[in-house]
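Undergrad: Dropping the structure in here first, questions after.
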Amino acid sequence: MNKIRILFFIYQMGAGGAARTILNIVNNLDRDKFTPVLVTLNYEGSYEHNVKKDVTFIKLNTKRLRSAIFPLAKVIRREKIDIVFSTIPNYNTIAILAKLFSRSGANIIVREAALLGGNFKADAKLRLYGLLYRLFADRVIALSNGVKDNIVQRYKVKKDNITVIYNPVDTESIEHSAAAGSIEPDHEAIFQKEGKIIVTAGRLVKDKDHDTLLKAFAQLVKDYQQECRLVILGEGERKQELLKLAEELQIKEQVHFLGFQKNPYIYFKKSDLFVLSSIREGFGHVLAEALTVGIPVVSTNCRPGAIEVLDGGKYGVLCQVGNPSDMAEKMHQVLTLSDEERITMIEKGKERAMDFQAKTIVRQYETVFAEVAERGIRRGRG
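Per the numbering used here, the very first residue in the sequence shown carries number 20; after that it's consecutive.
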């Protein structure tokens, strides 16, 4: 049987969740059945060194998305691609157009990972994406059941053509990194002082709502007299605003912005609590990573991701979105658990993380890839 050649298209192999998902799929695909080809725009991405050596990795000679259509079409044709896979609406559109201009028999699979829309202008744009998906996509992958419902409601895509597949989490690699890694020398002093350490990780952007986390942390320190420090991993446009807020809240000395870390898991491992303060998450990949490491989790009940990953609070403590007081109370609750309660919470979390194990999730992707490829072959014969 000929191997199925799959082209994975993404803007760059950067530090975002989409790139991490592509990385896990590409690296774990069964090489006896599939040949992965990874295509990005002409950017340097922090995950590039993690891509396995046997993956054909192509960078288009452009940094402009609109300019990628024809170069991508040439790659689809030259590499004799069977399936084009892309994620994020703008990139899905480019992938669809490139496939059409390639005049090849390749199939298209698009992935939606976020809960988009909500106002008239945004919903109108989503209906346009939905039209492209209905006309040209052979399958739509939704990151969660909540994302699927949103695609049906706002994109107007039929639910029968949508498959829900959670993010793949490379649990083995994460556990190894947490056990064998080391804190950056400049950061060691933070973890050597007395008191509890709270950690979070994510881009410093509005949707992650670090404002609520900082306010909750300030309440935790002052109202609960909790001696602790807050470690924030990640880069983003709001860093200066957040530094100013920490200063206004008089917690600047206890809050540490450590930027992007290639191995955030050792930071998780050495902390007492992981907190996610997001307004919304399509999945909440970092929650699954924290559970894998073995750290208790407090998360906003942001939909659909956190609700589904933590199964309504079964595997972590949920608090209200944008409510600093509730978040502070839940953080204090977890930080004051007995040793037995803490161990139980950690063990349940690790058990849940196995549901997202990369090899398990990638097998689900492989099933979809094989079905779509076979349907394409039958259509060609017809």
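We put the beta carbon where it would ideally sit given N, CA and C, even for glycine.
Which value, in whole angstroms, describes the spacing of the CA atoms of Ala141 and Leu147?
TA: 10 Å
Undergrad: Does DSSP put Ala114 in a helix, in a strand, or in coil?
TA: helix
Undergrad: In or out: Pro204 buried (at least 16 other Cβ within 10 Å) or exposed?
TA: exposed
Undergrad: Could you tell me if Leu26 is buried or exposed, where buried requires 16 or more neighbouring beta carbons within 10 angstroms of its beta carbon?
TA: buried
Undergrad: Compute the Euclidean distance between the alpha carbons of Lys234 and His275, then round it to the nearest angstrom.
TA: 15 Å
Undergrad: List, from N- to C-terminal side, the alpha helix (DSSP H) runs of 4 residues or more that fit wholly inside the segment 125 to 176.
TA: 139 to 155 and 164 to 169
Undergrad: Taking only the alpha-carbon atoms, compute the straight-line gap between Val387 and Ile314 and give it to the nearest angstrom.
TA: The straight-line gap from Cα to Cα measures roughly 33 Å.
Undergrad: Please work out which residues of its chain come closer than 6 Å, Cβ to Cβ, to Glu300, disregarding the five sequence neighbours upstream and downstream, and give them in chain order.
TA: Cys321, Gly324 and Ala325
Undergrad: Tell me which residues share the same chain as Met32 and place their Cβ nearer than 7 Å to its Cβ, disregarding the 5 neighbours each side in the sequence.
TA: Ala38, Leu42, Thr59, Gly64, Tyr66, Glu67 and Val70
Undergrad: Just tell me which of Leu145, Ile95 and Lys289 has its CA closest to the CA of Ala198.
TA: Lys289
Undergrad: Helix or strand or just coil, what does DSSP make of Gln352?
TA: helix
Undergrad: What does the alpha-carbon distance come out to for the pair Leu249 and Leu356?
TA: Each residue's Cα considered, the two are about 19 Å apart.
Undergrad: Take Ile113 and list the residues in its own chain whose beta-carbon comes closer than 8 Å to its own, dropping the five residues that flank it on each side.
TA: So the list reads Phe28, Leu84, Arg85, Ala87, Ile88, Leu91 and Ser105, once near-sequence residues are dropped.
Undergrad: What is the rounded straight-line gap between the Cα of Lys215 and the Cα of Val294?
TA: Straight-line Cα distance between these residues: approximately 13 Å.
Undergrad: Please classify Ser201 as buried or exposed, where buried requires at least 16 neighbouring CB atoms within 10 angstroms.
TA: exposed
Undergrad: Can you give the beta carbon distance from Leu252 to Tyr286, rounded, assuming they're within the 8 Å contact cut?
TA: Their Cβ separation, rounded to whole angstroms, is 6 Å, which keeps Leu252 and Tyr286 in contact under 8 Å.
Undergrad: Measure the C-alpha to C-alpha separation of Val74 and Ile44 and round it to an integer number of angstroms.
TA: When rounded, the distance between both Cα atoms is 11 Å.
Undergrad: Which residues share a DSSP beta bridge with Val317?
TA: Val294 and Val336
Undergrad: What residue does the alpha helix (DSSP H) around Val94 start on, and which one ends it?
TA: It spans Ile88 to Arg97 - the alpha helix (DSSP H) in which Val94 sits, taken as one unbroken run.
Undergrad: Beta-carbon within less than 7 Å of Asp230's beta-carbon, same chain only, minus the 5 sequence neighbours each way: which residues are those?
TA: Taken in chain order, the residues that qualify are Leu264.
Undergrad: Tell me which same chain residues have a C-beta within less than 8 Å of the C-beta of Leu292, skipping the five on either side of it?
TA: Lys215, Ile216, Ile217, Val218, Ile314, Pro315, Val316, Val317, Met350, Val353 and Leu354
Undergrad: Compare the Cα-Cα distances from Asp49 to each of Asn342, Glu385 and Lys241 and report the closest residue.
TA: Glu385
Undergrad: Look at the alpha carbon of Arg382 and the alpha carbon of Asn47, and state the distance between them as a whole number of angstroms.
TA: 9 Å
Undergrad: Along the beta strand (DSSP E) that carries Thr81, what are the first and last residues, could you check?
TA: First-last for Thr81: undefined, no H or E at that position.
Undergrad: Are three or more beta carbon pairs between the segment 173 to 192 and the segment 334 to 350 nearer than 8 Å?
TA: no
Undergrad: Does the separation of the CB atoms of Leu151 and Ile115 fall below 9 Å?
TA: yes
Undergrad: By DSSP's criteria, Ser344 is part of a beta bridge. Which residues make up the other side?
TA: Its beta-bridge partners do not exist; DSSP assigns none.
Undergrad: Bridge partners of Ala220, per DSSP?
TA: Leu252
Undergrad: Comparing C-alpha positions only, which one of Asp157, Gln172 and Ser121 sits nearest to Leu134?
TA: Gln172
Undergrad: Beta carbon of Val56, beta carbon of Ile100: below 9 Å?
TA: yes
Undergrad: Hey, out of Ile298, Gly124 and Val312, whose CA is closest to Ile365's CA?
TA: Minimum Cα distance to Ile365 is reached at Val312.
Undergrad: Throw me the rounded Cβ distance for the Thr379 and Asn186 pair, which I believe falls under 8 Å.
TA: At roughly 11 Å, the Cβ-Cβ gap does not stay under 8 Å, so Thr379 and Asn186 are not in contact.
Undergrad: Exposed or buried, what is Met373 when buried is set at 16 or more other beta-carbons lying within 10 Å of its beta-carbon?
TA: exposed
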